[in-house]
Amino acid sequence: MNLIIGSNSLISKALQKDWDKKNIKYHLTTRTKKNYTKNIYLDLSKLNKVELSKEYSTVIICASCTDLDVCENYPKKTHLVNVESIKKIINFYKDSKTQIILFSSNQVFDGEKPFREINDERNPLTEYGKQKKEIEDFALKFKNISIVRLTKVFSYQDSLFKSWKENLLKGKKIKVFSDYCISPLHIDIFIKKINNLIVKRKPGISHFHGGYPDISYYDFAVSVANELQCSQDLIQKASYKDANFIYKLPRFTSLSED
Ligand SMILES: NC(=O)c1ccc[n+]([C@@H]2O[C@H](COP(=O)([O-])OP(=O)(O)OC[C@H]3O[C@@H](n4cnc5c(N)ncnc54)[C@H](OP(=O)(O)O)[C@@H]3O)[C@@H](O)[C@H]2O)c1
C-alpha cells in the first residue's frame, strides 16, 4: 500500500488515474475538510504531529505551495508548508522501511546553463527554489528518500496548458512568451519514470526531464497547436518583460538525466 500526500495536485491526480488502471492500492491525504471522511486529513500549514501509518511501502509527497508569486510574497508561510512540515514527515519515517518520494525542481539552479547535472552547484533565484534547495539538503541525509527534480510537467490538466487548449480549439488567439524557456516533461513520461523509481527505490537525487532541450514557450505552443491541429496563427508572441514578474526568471530550465 502506498500513500500520496496531496490528493488534488496535478501529479497526484495523474498518478491516481494510472494506479487505478493498474489496480495499485493507495491512500490519499487532503487538506479539504469536506473530503476527509474519504481521505486522511493533512494540512501542511497546520501539522503539529505526524499521525500516519508506518506500513506504507512508498509515500509520495505531492502537496506543496507551488505558486512562485505566493512563495515570494509569503516566504514564512510557504516555508512552513514546503520545508518545515515536510521535515516532520521525513523525520517520522526516518527509521522505517518506507520509501519517501519528494519532488524538487529545476528552480534550485540559476538557469545560467542548460542541461544541469545532478551535482552542479545550486543557486536558486526564487524563494520557491530556495525552499526546494533547503528541503533537498535535509532529505539527502536519509537513505529512504528519493528526491526527484522536475522540469515543467506538460499536461492538459495544468491550468496554463488547459487554457491554451481550450482557446486554440475555440479558434481564439493566445499570447505566449517568446523570450522565456521551458523544457517540457510529458505527464505520461513522468508517470513511467515515477513507477520505475518506486520499483528501483533509488535513494538520492534523480533528474526527470522529457528529452526536450530548452525551447521558448512560443515554440512549444506552436507544437501544441500542431498536435491539436489548430492554426499556428492563433499564437501571438509576448515578452516576459511586460508581465512584471516579481522574481528573476532562469535563462535555461533543462536538466540532464543520470
Ligand atoms: N508540475 C510541475 O511542473 C512541477 C515542476 C517541478 C516541481 N514540481 C513539484 O512537484 C510537486 C507536485 O506538483 P504539482 O504540480 O502536482 O502541484 P500542484 O498541482 O500545484 O498542487 C499542489 C497541491 O499542494 C496542495 N497544498 C498546498 N498547500 C497545502 C497545505 N498547506 N497542506 C496540504 N496540501 C497543500 C494543494 O492543495 P489544494 O488542491 O487543496 O489547493 C495542491 O493540491 C510539488 O512539490 C512541486 O513543487 C512540479
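The numbering of the sequence shown is numbering that gives the first Met the number 0, which starts it at 0 and goes up by one.
Don't be surprised by glycine CBs; every beta carbon is placed ideally from N, CA and C.
Range covered by the beta strand (DSSP E) that runs through residue i
i: V147; result: I144 to L149
i: H206; result: G203 to F207
i: N194; result: Element bounds for N194: not the beta strand (DSSP E) but the alpha helix (DSSP H), I186 to K199.
i: F219; result: It is not in any beta strand (DSSP E) - F219 instead sits in the alpha helix (DSSP H) that spans Y216 to E226.
i: L2; result: N1 to I4
i: L79; result: L79 -> no beta strand (DSSP E), and no H or E assigned at all.
i: L27; result: Y25 to T29
i: F176; result: I173 to F176
i: K236; result: I234 to A237
i: V69; result: Run containing V69: none in the beta strand (DSSP E); it sits in the alpha helix (DSSP H), L67 to N72.
i: T57; result: T57 to I60
Proximity test, residue i beta-carbon vs ligand 3 heavy atom, cut-off 8 Å
i: T125; result: Absence of ligand 3 is noted for the structure shown, with ligand 1 being the only ligands found.
Proximity winner among the options, relative to residue i (alpha-carbon distances)
i: K93; options: A138, D241 and V80; result: A138
i: I181; options: I197, F251, I117 and E120; result: F251
i: F114; options: K87, Q231 and D213; result: D213
i: Y239; options: S230, I146 and P249; result: P249
i: S84; options: I60, T97, V107 and V69; result: I60
i: K201; options: K171, K112, I100 and K129; result: I100
i: V69; options: Y25, Q130, D19 and V175; result: Q130
i: D66; options: I245, E256 and L254; result: I245
i: T28; options: G209, E126, D19 and L51; result: L51
i: Q228; options: A242, F176, S177 and E165; result: E165
i: K169; options: K37, S230, F153 and F219; result: S230
i: I89; options: L43, K236, I193 and Y155; result: L43
i: Y55; options: S95, N243, D19 and D232; result: S95
i: L254; options: L159, D218 and V152; result: V152
i: Q235; options: F176, T31 and G5; result: F176
i: F160; options: T36, N38, K75 and F219; result: F219
i: V82; options: Y73, E120, E133 and Y155; result: E133
i: K142; options: T77, Q98, K20 and D187; result: Q98
i: T150; options: N243, K24 and E116; result: E116
i: Y155; options: N194, I3, V223 and V80; result: V223
i: F91; options: L46, N34 and K112; result: L46
i: N225; options: K24, N34, N194 and L167; result: L167
Buried versus exposed, by CB contacts within 10 Å (16 or more), residue i
i: K276; result: Absent from the structure is residue 276, since the part of the chain shown begins at 0 and ends at 257.
i: F102; result: buried
i: A13; result: buried
i: N122; result: exposed
i: V198; result: exposed
i: Y179; result: buried
i: Y216; result: buried
i: E126; result: buried
i: D109; result: buried
i: N1; result: buried
i: Q106; result: buried
i: G5; result: buried
i: S162; result: exposed
i: G209; result: buried
i: S104; result: buried
i: T260; result: The chain is shown from 0 up to 257; residue 260 falls before or after that span and cannot be answered.
i: T277; result: There is simply no residue 277 to check, as the chain begins at 0 and stops at 257 in what is shown.
Range of the contiguous alpha helix (DSSP H) that encloses residue i
i: F91; result: S84 to F91
i: Y127; result: E126 to A138
i: Q15; result: L9 to K21
i: S104; result: Counting along the chain, S104 falls outside any alpha helix (DSSP H), though it belongs to the beta strand (DSSP E) covering Q98 to S104.
i: L159; result: S158 to L168
At least three beta-carbon pairs within less than 8 Å, the segment 129 to 147 to the segment 201 to 213: yes
For the segment 45 to 62 against the segment 1 to 16, do three or more pairs of beta-carbon atoms, one drawn from each stretch, fall closer than 8 Å, so that the two count as touching? yes
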